[in-house]
Each structure stands twice: as C-alpha cells, then as structure tokens.
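Worksheet: one structure, shown below.
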Amino acid sequence: MSTLKRSRGVAAVAALAAACLTATLVPGQAIAQDRDFIEYPPAPTAGSLRETPALARVADDANNAFKYALATVAANQDPAAYREGSVEADLAAAFAAAPADVRDKAKAASTRLLDSPESRKAEFGRHAAHSPEEFARLGFDGAFTADSAMADKDALTAEIRAIADRIEQESRAEDAAHLRYLKYSGIPVSQWSALPQVTDLRLRLEKIKVVEETDNNAFGSDEIALGGVRVDNDGTTEKIARFVPPFAFDQGEVFTYAAPGKSYTRFDINPGAYPRKYLVTMIMAEEDDGGFAEVLNAAWAKVKDKVKKVIEEAIEGLTSAFLGAALAEALGQIVAWLVTTFVGWIINLFYDDLFKPVTVAVKLPSKWAYRYDNGVTSGWDNWRTGTHTSTFYQETGDWSADGIYKANIHWELETS
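Numbering (this note's numbering), first residue to last: 1 to 416.
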C-alpha cells in the first residue's frame with residue numbers, strides 16, 4: 001500500500017513545513033530524533049490460554065468460523081448478498097473501504113482457498129464440513145452457536161470457577177494489605193470511609209517513535225492511525241475510536257504528547273469485586289488504508305460478543321461473587337489471542353500492510369490501590385504505573401518486519 005510520498009526536490013520546503021507544524025502543536029508536543037526516546041520494559045499482557053484448554057477450544061472454534069466468514073465475503077464482496085447487521089455485512093463494508101488492490105488480492109487468495117477442500121479443512125476446522133455456499137447461507141451467527149461451538153460445559157465451568165477462586169483469594173490478601181497500611185498510616189479510623197476511591201482508569205500514550213518506515217526509503221513519510229478494542233473488568237468489550245497523530249513520520253523521528261500523555265482510552269471504575277483486570281488491544285494501521293482496519297473492527301466486536309455469550313451459556317448456574325471478574329479475565333485472554341491470530345492470518349492470506357496488534361493489561365488490586373506501593377503485584381505506586389514500551393510490527397507475508405513503531409505508554413488512575 002502506498003504511503004504519503006514527497007520528492008527530494010521539496011525536502012527543504014517539507015522541513016520548513018514541519019517546523020511550522022511543530023510550532024502550532026499543543027504546548028509540550030514536539031517532533032524530535034530518537035535520542036529523545038527511552039525504551040522501557042514491555043507492558044504486562046493478557047496472559048496465555050495454555051492453562052485453560054477448554055477456553056482455548058472455544059477461541060479456536062470462533063476464530064475458524066470468523067476466518068471462513070471473511071474468506072466467503074472476500075470471494076463475493078457484494079454488500080447486498082449479506083444480512084444487514086451481520087458479521088458478513090460488516091466485513092463487506094470493510095472490503096468496500098479498502099483500496100482496489102487489497103480487494104483484488106483478497107478475492108484471488110480467498111477463491112483459491114475456498115476451491116480446495118484440503119485447504120478449507122486445514123484453515124476452518126469443523127466448519128469446513130459446510131461447503132462455501134452452505135457457510136454463506138449460515139453465516140458466522142449460524143455456524144458458531146452455544147449448541148454447536150466446541151464448548152465442553154463441565155470443563156469450562158471448572159476453569160472459570162478456578163479463576164474466580166484465585167481472584168477471591170487475591171482479594172482477601174489485598175484487603176488485608178490495605179488494612180495494614182491504614183493501621184500504620186496514622187489516618188484516624190473515623191476518616192477511613194472518607195478516603196478517595198478510584199473512579200477512572202486511563203491508558204495514556206506518551207511518545208511514538210518510528211524505528212523503520214513502512215516503505216523504508218528516503219522519499220516517503222508515514223501517516224498512521226491508532227485504535228483498537230478494550231475489555232472492561234466485567235468482560236464488556238468496546239471499540240476504541242480511531243485517531244491520527246498530528247504528524248507524518250520519517251524514520252528515526254519521535255513524537256511526544258504533552259504531559260501527562262494522550263488519553264488512548266478511559267474506563268469508568270464501577271462498583272464490584274477486586275482485584276480486577278483491564279485490557280486494551282491497540283491496533284495500528286496506515287492512515288490511508290481506506291478505513292479497512294477500522295471497519296473490520298466493527299465485525300470483530302460482534303464476534304467478541306458472541307464468544308462471551310457462548311461462554312456464559314456454557315457456565316450457566318455457576319455462582320460466585322467474583323464470577324464477573326473471572327469472566328473478564330478469561331475473555332480478555334481470548335480477545336488478545338483471537339485478534340492477534342486473526343490479523344496474522346489476514347497478513348498471510350492477502351493483506352501485508354497491517355501491523356501486528358499489541359495487547360496491554362493492567363491489574364487493579366483494590367479501590368484504594370493508589371494509596372500504597374503495590375508494585376510487586378501490579379506496578380501501581382501513587383496514581384500511575386511506570387512507563388512501558390510497546391512495539392508494533394508491520395509484517396510481510398513471510399513474517400519479516402517492514403514498518404516498526406514503538407510507543408511509550410502508562411496507566412493512570414483518577415479518584416473521587
């Protein structure tokens with residue numbers, strides 16, 4: 001995919017324009033060279049599904065159905081062929097937004113895949129029992145249901161119960177730690193109930209660095225867009241609105257947001273059990289991708305909701321004060337795995353201009369977490385975590401990196 005191009009003949013003009021743009025940025029925002037970028041350890045992520053095989057089977061089944069849906073739509077990109085509001089309709093809209101070369105590559109690659117029974121079996125698992133025509137009639141909603149999904153209800157219930165039990169033990173330990181803190185803090189007991197409590201959680205973006213441009217040549221600058229998906233502590237998933245940093249990047253440049261950093265997304269801290277985990281899957285794309293990644297996200301939101309519904313129906317009857325937190329943790333792991341796996345599949349199949357998504361997670365041990373140093377458990381100390389560095393790779397079909405970006409981020413709390 002092409003990026004914003006400019007010739008050497010206008011380099012001086014471009015440099016002057018860049019200087020003028022920098023002067024108009026919000027105070028504290030600036031473009032600089034890579035000496036102004038410090039790389040920190042990566043942020044904690046969602047965790048692995050290896051220890052929860054029943055959840056992993058559900059995730060894999062959903063992924064196979066979603067891949068089949070995308071291949072079906074790529075082969076027939078006519079939006080009128082799909083039910084309004086369906087996953088397939090959103091996928092058709094994604095292709096309609098994509099550049100023509102992407103649409104053509106997707107159609108050719110998907111047609112080859114669908115024409116081969118062996119390839120369908122390898123890519124789509126049990127769903128390959130349906131012919132492409134049958135799957136097109138079923139759609140994702142008809143193929144992936146609570147009754148048909150690869151869901152072992154007993155095993156799923158046991159895994160979710162184990163997660164809930166662990167969170168309950170952690171909650172008791174955190175409550176005890178907080179009481180010890182209050183006991184030795186000198187704060188009168190009569191004032192304990194009036195202490196500020198956490199109300200908001202934000203993921204903030206501090207800096208972006210271009211390690212390697214997407215086209216990696218002296219004639220082009222990159223314009224990128226960022227967005228993604230977030231998972232709340234109760235398992236609710238929402239799309240993060242796409243935004244574009246106010247500058248076209250050249251290799252080695254660093255863009256710094258004004259302190260305390262750009263709010264990437266914000267969570268309302270609702271009442272309920274602690275500890276809890278929040279997750280954000282950050283998705284980067286070239287800004288001139290026609291909105292393909294943005295519209296694809298709409299289809300993805302429906303898939304996540306369906307996965308959650310399948311799990312909830314499978315564990316119906318399980319009771320625990322920490323059930324919501326356990327579901328959120330499980331769904332967060334599934335979302336992180338599914339987004340990364342699915343995007344990797346698209347890259348391999350037809351669209352090598354996508355960046356590999358990055359998932360970051362944070363654990364909030366208690367509603368008073370900001371009041372004491374609990375860095376051993378989650379890195380919180382006085383309102384915010386330390387800075388972490390996330391790396392985005394734009395991978396080609398052979399899994400070698402093309403564009404490489406790094407972003408410095410941190411989590412921040414607000415209180416009442």
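Yeah, the Cβ is synthetic: ideal placement off N, Cα and C, and Gly gets one too.
- Boundaries of the alpha helix (DSSP H) around S110: 100-114.
- In the DSSP annotation of this structure, the continuous segment of the alpha helix (DSSP H) that includes A56 starts and ends at 53-75.
- By the CB criterion at 8 Å, L296 and A62 fall outside the cutoff.
- Around the CB of I38, fewer than 16 other CB atoms lie within 10 Å, so the residue is classed as exposed.
- V280 places its beta carbon less than 8 Å from that of G228.
- Counting along the chain, E287 sits inside no alpha helix (DSSP H), nor does DSSP assign it H or E at all.
- Of the residues V102, A92, A69, the one whose Cα lies closest to the Cα of P132 is A69.
- Using a 10 angstroms sphere on the CB of Q333, the tally of other CB atoms reaches 16 or more, which defines it as buried.
- Secondary structure note for S263: its beta strand (DSSP E) is the uninterrupted segment 262-268.
- The continuous stretches of beta strand (DSSP E) do not include L195, and DSSP gives it neither H nor E.
- When the Cα atoms are used, E174 and M150 turn out to be separated by approximately 36 Å.
- In this structure, the alpha-carbon of R202 lies about 47 Å from that of S116.
- For Y405, the secondary structure class from DSSP, reduced to helix, strand or coil, is strand.
- A direct Cα-Cα distance of roughly 10 Å separates V310 from K153.
- Around the Cβ of T319, a 10 Å sphere holds fewer than 16 other Cβ atoms; the residue is exposed.
- Short of 8 Å from the beta carbon of A146, and not among the five residues preceding or following it, lie these beta carbons of its own chain, in chain order: K309, V310, E313, A314.
- The C-beta distance from Q251 to V189 rounds to 59 Å, too long to meet the 8 Å contact threshold.
- The DSSP-derived three-state label of T45 is coil.
- From the listed residues D90, G324, G403, F140, the smallest Cα separation to A273 is found for G324.
- Taking a C-beta distance under 8 Å as the contact criterion, Y257 and E206 qualify as a contact pair.
- A248 and F255 have their C-alpha atoms spaced approximately 10 Å apart.
- Measuring C-alpha to C-alpha distances from P246 to each of T387, D222, R120 identifies D222 as the nearest.
- R112 and A136 have their C-alpha atoms spaced approximately 16 Å apart.
- At a cut-off of 3 residues, the continuous stretches assigned as beta strand (DSSP E) that sit fully inside the stretch 225-261 are 237-243, 253-256.
- By the neighbour-count definition (other C-beta atoms within 10 Å, threshold 16), E51 is an exposed residue.
- Taken in chain order, the complete alpha helix (DSSP H) segments of 4 residues or longer contained in the stretch 113-146 are 117-124, 132-143.
- Cα atoms of K107 and L138: separation of roughly 20 Å, rounded to the nearest angstrom.
- The continuous beta strand (DSSP E) containing L364 extends over residues 358-364.
- Each residue's CA atom was taken as its position, placing T72 and V360 some 32 Å apart.
- Taking K67 as reference, the option from G261, S110, E134 with the minimal CA-CA separation is S110.
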